[in-house]
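Participant: In my numbering, the protein residues as written are 2 to 497.
For glycine and all other residues, C-beta sits at the position ideal for the given N, C-alpha and C.
The model shown is predicted, which means the values in this text are computed figures rather than measured ones.
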């Protein structure tokens, strides 16, 4: 079934037509009926920003994630059924498939828009994994009802997760309660200015959480993972999930476990809260004691074939040659939260990857058109607006490639279009609207809107004894793409 859906998905993707990108949406999808209310998640509320202050405090005064993680692990080790190697053993055969969602949990239209297509493509999958930021803005256990249990209530398989930085803003309390069935940690004083300003974990309403759990109460949906980092063992592949905390560093206990786990000769896929390659940049997570996580991934003795990270809210793939083999490095954070731009990604050359080998979703042209519409509307400056066709041509010229999809009518790029593209960050320019690093950190939430196209995505990963096939499917919020989810990328990795 998935193979047929994939073949059809290639023919209706954003790489084929504007309609495939969702720009000609004639009917909003059924996801709107799944939402419990029409409230939109907003980062522009000062209360939301204040609740998320731990990110800034961790940068100024140090990230306590490693210390708190050790306390969580000390408690987990005291449990009678604790496995020190943190193994999860799902009942799967020689061949199986699973879903991967990245950064889903805003609980608004853009998250629920992923659900119908995910249900169709993932109908026969053995389990799902959430990579980073299960719940926004602070990972509170009191917000799992409408941001986790309700949207995935009809997914009839277990869901595992690795936390993102936002899950850590609650001291990982909500995450550990839901995924590891762990009670709250005893409060421990944190002296100094960080302790004074640090947001403390919320007290969880246990009755409300128990009621929320009934939405995923079927036996086949149940899953308890041993820790915020773990290894899913299957006959031919290990899925290794790591916890990167707030700032990305892995503590020494997790590093020691990761090295032991990586010594297993079976092929492996790393699942992490922070991608190793992103936006034509190389950003591997540091290891306490020295080195980076990519040192472990690249070691040929460890046999990693792919590394998938969330945190960045789009899809990107970098096939990096390491010695005589290729490791697929993916960004997969587009399953619900506001969209991060792809049109600011320059011509790709990082890690020896050529532009022709790089893949992203949304396409750069669609990203540019999206942001042009956003700013034209928000700033009431219509001259900033670039049609999808204009934006595709501008980005092709800027990157030095042919337009990614067919251009239906000739486009003459005018001075007005070039100025709009410069101001929107399509190429380096000192006077531009915030769409790059400053935008990512402080203003990107302005791009969260509740009408299609959403440019969301999820991964379907199929494993056989001989290979792993990773497919990226799109979710636009349009009914057409709900019924036939577009497939935006596909890569087959040999295990032999």
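To the nearest angstrom, report how far apart residue 24 and residue 389 are at their CA atoms.
Facilitator: 8 Å
Participant: Nearest-angstrom Cα distance between residue 121 and residue 462?
Facilitator: Each residue's Cα considered, the two are about 14 Å apart.
Participant: Find out if the Cβ-Cβ distance for the pair residue 110, residue 129 is shorter than 8 Å.
Facilitator: no
Participant: State the DSSP-derived secondary structure class of residue 495, mapped to helix, strand or coil.
Facilitator: Three-state result, residue 495: strand.
Participant: On the three-state DSSP scale, how would you describe residue 481?
Facilitator: helix
Participant: Helix or strand or just coil, what does DSSP make of residue 263?
Facilitator: helix
Participant: Leaving out the 5 sequence neighbours to the left and right, which residues in its chain are closer than 7 Å to residue 439 when beta-carbon positions are compared?
Facilitator: Its pLDDT being 46, under 50, residue 439 is placed unreliably by the model, and the measurement read from it follows with that caveat. There are no such residues.
Participant: Below 8 Å on the Cβ atoms is my guess for residue 133 versus residue 179; work out the distance and round it to an integer in Å.
Facilitator: About 15 Å; that fails the 8 Å criterion.
Participant: Note the first and the last residue of the continuous alpha helix (DSSP H) segment covering residue 4.
Facilitator: For residue 4, the enclosing alpha helix (DSSP H) has its first and last residue at 3-12.
Participant: Specify, as a first and last residue, the run of the beta strand (DSSP E) that residue 96 falls within.
Facilitator: Per DSSP, residue 96 belongs to no beta strand (DSSP E) and is neither H nor E.
Participant: In the DSSP assignment, find the beta strand (DSSP E) that holds residue 201 and state where it starts and stops.
Facilitator: Run containing residue 201: none; DSSP gives neither H nor E here.
Participant: Should residue 466 be labelled buried (16 or more other beta-carbon atoms within 10 Å of its own) or exposed?
Facilitator: exposed
Participant: Rounded to whole angstroms, what's the CA-CA distance from residue 262 to residue 231? Just pull it up for me.
Facilitator: 9 Å
Participant: Rank 100, 482 and 239 by C-alpha distance to the C-alpha of residue 156 and give the top, closest one.
Facilitator: 100
Participant: Looking only at C-alpha atoms, which of 161, 193 and 191 sits nearest to residue 181?
Facilitator: 161
Participant: Fully enclosed by the region 200-274, which beta strand (DSSP E) runs are 3 residues long or longer?
Facilitator: 231-234, 239-243 and 269-273
Participant: Give the range of the alpha helix (DSSP H) segment to which residue 164 is assigned.
Facilitator: Neither: residue 164 is in no alpha helix (DSSP H) and is coded neither H nor E.
Participant: If you drop the 5 nearest sequence neighbours on each side, which residues of the same chain put their C-beta closer than 7 Å to that of residue 217?
Facilitator: Excluding positions up to five away in sequence, the list reads 150, 153 and 154.
Participant: According to DSSP, what are the bridge partners of residue 361?
Facilitator: Residue 361 is bridged to 317.
Participant: Leaving aside the five residues before and after residue 382 along the sequence, list all residues of the same chain whose C-beta is less than 8 Å from its C-beta, in chain order.
Facilitator: For residue 382, where only same-chain residues beyond five positions count, the Cβ hits under 8 Å are 376.
Participant: Once DSSP output is grouped into helix, strand and coil, what is the label at residue 192?
Facilitator: coil
Participant: Going by DSSP in three states, residue 35 sits in which element: helix, strand or coil?
Facilitator: Looking at residue 35 - three-state DSSP - the assignment turns out to be coil, as it is neither helix nor strand.
Participant: Can you round the beta-carbon distance between residue 320 and residue 354 to whole angstroms, since I take them to be within the 8 Å contact cut?
Facilitator: 6 Å
Participant: Since residue 349 is in the beta strand (DSSP E), which residue starts that stretch and which ends it?
Facilitator: Here residue 349 belongs to no beta strand (DSSP E), and DSSP marks it neither H nor E.
Participant: Quick one: any contact between the region 196-216 and the region 260-280, if contact means 3 or more CB pairs under 8 Å?
Facilitator: no
Participant: If you count every other CB in all the chains shown that lies within 10 Å of the CB of residue 166, and 16 or more means buried, which is it?
Facilitator: buried
Participant: Suppose you measure from the CA of residue 373 to the CA of residue 387; what does that come to, to the nearest Å?
Facilitator: 6 Å
Participant: Within a Cβ cutoff of 7 Å, which residues of the same chain sit near residue 295, ignoring the five residues on either side of it in sequence?
Facilitator: 277 and 285
Participant: Please tell me whether residue 194 has its Cβ less than 8 Å away from any Cβ of chain C.
Facilitator: The structure shown contains no chain C; it holds only a single protein chain.
Participant: On the DSSP bridge assignment, give the partners of residue 461 in chain order.
Facilitator: 100 and 472
Participant: Output the boundary residues of the alpha helix (DSSP H) element that contains residue 54.
Facilitator: That residue, residue 54, is in no alpha helix (DSSP H); it is neither H nor E in DSSP.
Participant: Keeping to the same chain, check which residues put their C-beta closer than 7 Å to that of residue 332; ignore five residues upstream and five downstream.
Facilitator: 276, 279, 310, 313, 315, 316 and 317
Participant: Using only alpha-carbon positions, find the residue among 306, 139 and 126 that is nearest to residue 2.
Facilitator: Per the Cα distances, 126.
Participant: Excluding the five sequence neighbours on either side, which residues of its own chain have a C-beta within less than 7 Å of the C-beta of residue 194, listed in chain order?
Facilitator: Here the set comprises 62.
Participant: Relative to the C-alpha of residue 243, which residue among 86, 430 and 170 is closest?
Facilitator: 86
Participant: Taking Cβ to Cβ, would you say residue 91 is nearer than 8 Å to residue 233?
Facilitator: yes
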